[in-house]
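The sequence shown: position 353 = 353 (the UniProt record's numbering), numbered continuously. Taking it in order: structure first as structure tokens, then the write-up.
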Amino acid sequence: MKIALVHDFMKEFGGAERVLRVLSEMYSQVPIYTAFKVSGSSCDKEFADRKIIESSFGWLIKSFNLYSPLRFLVPLIWRSIDLSSYDLVITSCSSYFARGFKVSPKTCVVAYCHTPPRFLYGYETSINLQRFWIVRVYAVIVNHFLRIFDFWSSQRVDKWIVNSENVKRRVWKFYRKEAEVVYPPIDVEKIIRESEGVKKQDYFLIVSRLVGAKGLVEAAKAARQTGFKLKIVGESVGFSQIEKQLRKIREVELLGRVNDKRLGELYAGAKGFIALARDEDFGITPVEAMASGTPVIAFNGGGFKETVVEGVTGLLINNTDTETLELAMKKFESKKWNRAELVEQARKFSRDNFVKKIRKIIDKMVVDEK
Numbered sequence: 001m002k003i004a005l006v007h008d009f010m011k012e013f014g015g016a017e018r019v020l021r022v023l024s025e026m027y028s029q030v031p032i033y034t035a036f037k038v039s040g041s042s043c044d045k046e047f048a049d050r051k052i053i054e055s056s057f058g059w060l061i062k063s064f065n066l067y068s069p070l071r072f073l074v075p076l077i078w079r080s081i082d083l084s085s086y087d088l089v090i091t092s093c094s095s096y097f098a099r100g101f102k103v104s105p106k107t108c109v110v111a112y113c114h115t116p117p118r119f120l121y122g123y124e125t126s127i128n129l130q131r132f133w134i135v136r137v138y139a140v141i142v143n144h145f146l147r148i149f150d151f152w153s154s155q156r157v158d159k160w161i162v163n164s165e166n167v168k169r170r171v172w173k174f175y176r177k178e179a180e181v182v183y184p185p186i187d188v189e190k191i192i193r194e195s196e197g198v199k200k201q202d203y204f205l206i207v208s209r210l211v212g213a214k215g216l217v218e219a220a221k222a223a224r225q226t227g228f229k230l231k232i233v234g235e236s237v238g239f240s241q242i243e244k245q246l247r248k249i250r251e252v253e254l255l256g257r258v259n260d261k262r263l264g265e266l267y268a269g270a271k272g273f274i275a276l277a278r279d280e281d282f283g284i285t286p287v288e289a290m291a292s293g294t295p296v297i298a299f300n301g302g303g304f305k306e307t308v309v310e311g312v313t314g315l316l317i318n319n320t321d322t323e324t325l326e327l328a329m330k331k332f333e334s335k336k337w338n339r340a341e342l343v344e345q346a347r348k349f350s351r352d353n354f355v356k357k358i359r360k361i362i363d364k365m366v367v368d369e370k
């Protein structure tokens with residue numbers, strides 16, 4: 001079969017890009033089509049060994065970070081990509097749609113959906129630009145047409161795969177399409193091996209892009225109020241001002257982007273991991289923490305409810321204010337956590353499970369097509 005991969009865009013290397021990386025290793029000789037690629041970015045470096053094909057609009061929308069303001073071009077961007085010569089197209093789609101490209105009647109389209117575009121349907125986004133009135137006016141006009149495109153392009157997908165039960169509900173709500181849950185691939189066994197015997201230190205850890213929708217400011221304020229040490233791994237994104245706010249709090253140490261070896265050491269050395277994003281699509285980092293033998297304090301919502309077992313692998317809290325976090329910290333410190341239970345839960349989200357399930361789905365579709 002002639003196969004192609006598609007992804008929103010190539011800039012930051014986050015959870016969606018980790019999924020794409022595994023897909024590209026499963027289908028190692030196939031090209032990756034994308035709206036644009038930023039040269040020298042963390043994502044560009046991670047995919048340096050792959051053939052990346054940008055849309056004809058790439059040069060425009062990546063200049064001066066215009067990919068968000070120029071979102072009205074999204075239908076044209078994807079329609080400019082002709083994949084009609086391919087038998088199978090696997091698209092990794094979320095905020096930049098990654099659908100609506102040209103295909104032929106013989107082409108089978110499989111969508112691995114991280115989430116329907118959050119900004120279209122009222123979910124909290126990384127950078128809340130709609131706090132500016134002119135952006136709100138622009139969004140009301142443009143988002144109406146983008147929702148039409150989003151629905152139209154969703155109906156052209158032959159098979160929906162989603163990263164959580166949470167996103168499965170969204171796909172049904174907005175597209176009226178049934179989806180199959182395949183949790184994202186996490187290199188659990190490697191994390192378990194490398195974290196064994198590492199001594200715990202007196203700090204909590206967050207791993208996240210420095211954006212507003214991840215609960216970073218709330219966690220930092222709690223650190224200041226309660227005096228616990230907080231380390232944050234992640235790079236600033238777009239127009240976000242979160243980094244400036246965090247640097248003002250002395251209990252917070254910003255580590256920026258770190259390599260995998262250093263990240264593993266930080267996971268294993270932390271006494272606890274914090275994840276406060278509300279309605280997270282899935283959330284890979286709590287699973288990585290658990291695989292490292294590190295229990296989690298997470299907001300009781302979204303994908304965290306599918307990964308964190310209350311009282312066994314962590315604590316689920318119903319709010320992110322300082323008082324709630326203080327109570328959670330006291331409860332966290334008073335409990336003895338069992339590494340074996342943490343590791344056992346993390347293994348449910350392994351890379352091997354992901355690969356087996358994706359292959360099973362694709363193989364069945366190929367047989368059905370024949």
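Beta carbons are placed, not taken as given, at the ideal position from N, Cα and C, and that holds for glycine.
DSSP beta-bridge partners of residue i
| i | result |
| --- | --- |
| residue 272 | 204 |
| residue 7 | 34 and 92 |
| residue 236 | 210 |
| residue 310 | 314 |
| residue 160 | 111 |
| residue 281 | Partner(s): none; residue 281 has no beta bridge. |
| residue 102 | 82 |
| residue 68 | In the DSSP output, where bridge partners are listed per residue, residue 68 has none listed. |
| residue 231 | 205 and 253 |
| residue 350 | 186 |
Best match in the options for proximity to residue i [C-alpha to C-alpha]
| i | options | result |
| --- | --- | --- |
| residue 84 | 95, 109, 70 and 49 | 109 |
| residue 259 | 277, 13 and 332 | 13 |
| residue 103 | 72, 156 and 71 | 156 |
| residue 261 | 16, 38, 88 and 191 | 191 |
| residue 74 | 196, 82, 146 and 65 | 146 |
| residue 303 | 289, 287 and 282 | 282 |
| residue 299 | 321, 293 and 43 | 321 |
| residue 43 | 18, 27, 33 and 172 | 18 |
| residue 111 | 138, 7, 280 and 247 | 7 |
| residue 285 | 188, 328 and 318 | 188 |
| residue 310 | 81, 331 and 291 | 331 |
| residue 88 | 5, 41, 65 and 23 | 5 |
| residue 288 | 301, 323, 347 and 247 | 347 |
| residue 80 | 245, 23 and 33 | 33 |
| residue 76 | 61, 90 and 86 | 61 |
| residue 368 | 106, 2 and 16 | 106 |
| residue 212 | 123, 114 and 2 | 123 |
| residue 272 | 279, 175, 41 and 293 | 293 |
| residue 333 | 249, 178, 72 and 270 | 270 |
| residue 175 | 138, 296 and 115 | 115 |
| residue 337 | 349, 360, 354 and 297 | 297 |
| residue 54 | 10, 25 and 71 | 10 |
| residue 324 | 245, 226 and 140 | 226 |
| residue 182 | 165, 21 and 274 | 165 |
Boundaries of the beta strand (DSSP E) in which residue i is found, first to last residue
| i | result |
| --- | --- |
| residue 112 | 108-113 |
| residue 54 | 52-54 |
| residue 297 | 296-299 |
| residue 254 | 252-256 |
Rounded C-alpha distance that separates residue i from residue j
| i | j | result |
| --- | --- | --- |
| residue 46 | residue 96 | 20 Å |
| residue 67 | residue 36 | 9 Å |
| residue 339 | residue 38 | 40 Å |
| residue 142 | residue 198 | 51 Å |
| residue 196 | residue 356 | 27 Å |
| residue 58 | residue 326 | 47 Å |
| residue 314 | residue 161 | 28 Å |
| residue 148 | residue 173 | 15 Å |
| residue 317 | residue 306 | 14 Å |
| residue 247 | residue 218 | 14 Å |
| residue 69 | residue 117 | 15 Å |
| residue 301 | residue 171 | 17 Å |
| residue 383 | residue 364 | Only positions 1 to 370 of the chain appear in this structure, which leaves residue 383 out of reach. |
| residue 51 | residue 136 | 38 Å |
| residue 27 | residue 153 | 24 Å |
| residue 144 | residue 222 | 39 Å |
| residue 178 | residue 94 | 17 Å |
| residue 328 | residue 180 | 34 Å |
| residue 276 | residue 201 | 21 Å |
Residue i beta carbon near the ligand SAM (any heavy atom closer than 7 Å)
| i | result |
| --- | --- |
| residue 209 | Ligands displayed in this structure: none; no statement on the ligand SAM is therefore possible. |
Start and end residues, alpha helix (DSSP H) containing residue i
| i | result |
| --- | --- |
| residue 15 | 15-26 |
| residue 216 | 216-226 |
| residue 333 | 322-334 |
| residue 182 | Taken as a continuous stretch (DSSP letters only), residue 182 belongs to no alpha helix (DSSP H), as it is neither H nor E. |
| residue 293 | Element bounds for residue 293: n/a, residue is neither H nor E. |
| residue 123 | Note, residue 123: premise wrong, no alpha helix (DSSP H); not H, not E. |
| residue 44 | 42-46 |
| residue 173 | 165-175 |
| residue 197 | Premise fails: residue 197 is in no alpha helix (DSSP H) and is neither H nor E. |
| residue 58 | 58-61 |
| residue 244 | 242-247 |
Between the stretch 203-212 and the stretch 263-278, do at least 3 Cβ pairs fall closer than 8 Å?
-> The stretch 203-212, when compared against the stretch 263-278, does touch it at the 8 Å Cβ threshold.
Any chance the stretch 251-258 sits against the stretch 215-235, with 3 or more Cβ pairs inside 8 Å?
-> The stretch 251-258 makes contact with the stretch 215-235: 3 or more CB pairs, one atom from each, lie closer than 8 Å.
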